[in-house]
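Note that full-length UniProt numbering has the sequence shown beginning at 1, numbered continuously upward. Data first, discussion second: the structure below is written as structure tokens.
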Amino acid sequence: MVLFDQVYCIDYNGWVSGASKLPPPKQVDFSSQTIPELIYTRASSDRVAAVFDAEKVSLTFAKVVTEVFLSALAASRAGLVFSLANPNFADADSFYRALKLGEFRAVICFRATESQDYLHSLLVRITPELMRSHKGQLKSVVLPNLTHVILAEEEHRHSGCYTLSEVFGRSSKDRVERLPNYENWSSHKLACLQFTLGTTAEPKLVAISHFQLLNGARAVVTAFGIKKDQTLACALPLFRLPIFALVCLSPFLTDSRSVFPEPQPLPRNLFASVKKYKCSTLLTNGAALRLLLKISETQRVKLDSIEQILLLGDRVSKDALKSIQKQADNVKIIAVGYMLTETGSIPIMGDATTDFTRMVGRAIAGYETHLNPLNGDGEVKPGQLGLLQIRVYYGSTFMGYAPDTSGKEKWVDTG
Numbered sequence: 001m002v003l004f005d006q007v008y009c010i011d012y013n014g015w016v017s018g019a020s021k022l023p024p025p026k027q028v029d030f031s032s033q034t035i036p037e038l039i040y041t042r043a044s045s046d047r048v049a050a051v052f053d054a055e056k057v058s059l060t061f062a063k064v065v066t067e068v069f070l071s072a073l074a075a076s077r078a079g080l081v082f083s084l085a086n087p088n089f090a091d092a093d094s095f096y097r098a099l100k101l102g103e104f105r106a107v108i109c110f111r112a113t114e115s116q117d118y119l120h121s122l123l124v125r126i127t128p129e130l131m132r133s134h135k136g137q138l139k140s141v142v143l144p145n146l147t148h149v150i151l152a153e154e155e156h157r158h159s160g161c162y163t164l165s166e167v168f169g170r171s172s173k174d175r176v177e178r179l180p181n182y183e184n185w186s187s188h189k190l191a192c193l194q195f196t197l198g199t200t201a202e203p204k205l206v207a208i209s210h211f212q213l214l215n216g217a218r219a220v221v222t223a224f225g226i227k228k229d230q231t232l233a234c235a236l237p238l239f240r241l242p243i244f245a246l247v248c249l250s251p252f253l254t255d256s257r258s259v260f261p262e263p264q265p266l267p268r269n270l271f272a273s274v275k276k277y278k279c280s281t282l283l284t285n286g287a288a289l290r291l292l293l294k295i296s297e298t299q300r301v302k303l304d305s306i307e308q309i310l311l312l313g314d315r316v317s318k319d320a321l322k323s324i325q326k327q328a329d330n331v332k333i334i335a336v337g338y339m340l341t342e343t344g345s346i347p348i349m350g351d352a353t354t355d356f357t358r359m360v361g362r363a364i365a366g367y368e369t370h371l372n373p374l375n376g377d378g379e380v381k382p383g384q385l386g387l388l389q390i391r392v393y394y395g396s397t398f399m400g401y402a403p404d405t406s407g408k409e410k411w412v413d414t415g
């Protein structure tokens, strides 16, 4: 039975018509944990937490030591603030603006586009002093705060730069014990500065706390029904914070497992990974799903293990939905989500019965939505456009945009 012609996977569009008048669902339990506290609850477990299929690497909870996964979690353990960014900067100027805006002291350069050492080459243009610097002692005129450059691409060695394996290799039990005591931290401590997409204006850096990041991930896990022993396949890039929080923290929140088929926007071997690891949950977007379904049709692949699909990013046609039903007989839930950088999560979800031409879906537990009139006066009447506001996770306030991270507002404008 066809319910409608198009499903819209809402990503960042605050201009909507109508909003759910129902009260928000019962919120999930509060947690005052920080990221290190959560990670250490699983420190002795030998269960597999994450699989990086293209690299042929499986990591237990006790040995979550790989690239982006480790870099962000390790920064949190050390009391540092991390930031995730798309490595495919258009040019040196855009990379410079990002580094300058965040006043970052260290940068880890992962592979971008198809060019080796792309980010390193941009850095040399931005700050030529790098070629004459000792490791960890960069003295840049244009980026005075930046001292450490770390390269995740290790095919070549460059002056003034550590490799990621060098940093890993310097760790020891004694050095870890000398790190700040995370048990003394407030859960409202700043955890992350994350770039907005820059859809409606220049990208800004959003300040997000440990409390907001963990509880946001916990709320999404609860709303979407990810449970113990389930396996989630991720076909989306980790530099989007809501995606990172969901797939990298859900194993620690629920004892589930996350599978990363390969570090590509459109992983060619996605369905092979799904079958290999019997993934029950798929996280992807409409564009990737349409292409992958065509590929799987030619390969005559059936995805019998998939029970849930969470779509983010753009619209999905009814033909794609039919293909899902043909190739994944056991799918019970097809959910769509609204990602918002300011919350670091997916605060709104809908399903196949949601009319996205008239409303944005429903706030998940812990969040709340409100529509303001475009002219700022009165109420938004049915059928009229309004500006969507989202309340940050209950029990916290919006910390603001860097450099001012002392904000106390509870509501965030999305347009």
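For glycine and all other residues, C-beta sits at the position ideal for the given N, C-alpha and C. In this text, all values refer to a predicted model and were calculated from it rather than measured experimentally.
For the stretch 321-349, the full-length beta strand (DSSP E) segments reaching 3 residues or more read 333-340 along the chain. The stretch 219-235 makes no contact with the stretch 196-205, as fewer than three CB pairs between them are under 8 Å. Assignment of beta-bridge partners to E368 by DSSP yields R391. With a cut-off of 8 Å on Cβ pairs, the stretch 340-353 is not in contact with the stretch 227-238, counting fewer than three such pairs. Per the DSSP secondary-structure output, I108 pairs in a beta bridge with I150. Put simply, the stretch 85-101 does not touch the stretch 288-295. Fewer than three CB pairs are less than 8 Å apart. In this structure Y277 touches T231 by the C-beta definition: roughly 5 Å separates them, less than 8 Å. In this structure, Q116 lies away from H148, with their beta-carbon atoms at least 9 Å apart. Annotated three-state conformation of R290 is helix, per DSSP. For Y162, DSSP records a beta bridge to I150. The beta strand (DSSP E) runs lying completely inside the stretch 180-231 and spanning 3 residues or more are 190-195, 205-209, given in chain order.
D93 counts as exposed, since fewer than 16 other C-beta atoms from the protein chains shown sit within 10 angstroms of its C-beta. Excluding five sequence positions before and after V412, the CB atoms of its chain that fall closer than 8 Å to its own CB belong to L340, E342, T343, Q389, I390, R391, V392, F398, given in chain order. If you look at T127, you'll find it isn't in any alpha helix (DSSP H); DSSP assigns it neither H nor E. Sixteen is the threshold: when 16 or more other Cβ atoms of the shown chains lie within 10 Å of the Cβ of P242, as they do, the residue is buried. The stretch 96-110 makes contact with the stretch 136-152, as at least three CB pairs between them are under 8 Å. In terms of Cα proximity to F195, the closest of F239, L213, T405, Y367 is F239. The way I'd put it, the stretch 207-216 does touch the stretch 180-195; three or more beta-carbon pairs between them come closer than 8 Å.
Cβ contact annotation for C279 (same chain, cutoff 8 Å, sequence separation greater than five): T231, L232, A233, V259, S273, S305, I306, in chain order. At least 9 Å separates the beta-carbon of I348 from that of V331. DSSP, read as helix, strand or coil, puts A85 in coil.
Residue state for R362 is assigned as strand, using DSSP reduced to three classes. The straight-line gap separating the alpha-carbon atoms of A217 and L289 is approximately 23 Å. Under the three-state reduction of DSSP, V176 is assigned to helix. DSSP places V57 inside the beta strand (DSSP E), whose first and last residues are 57-60.
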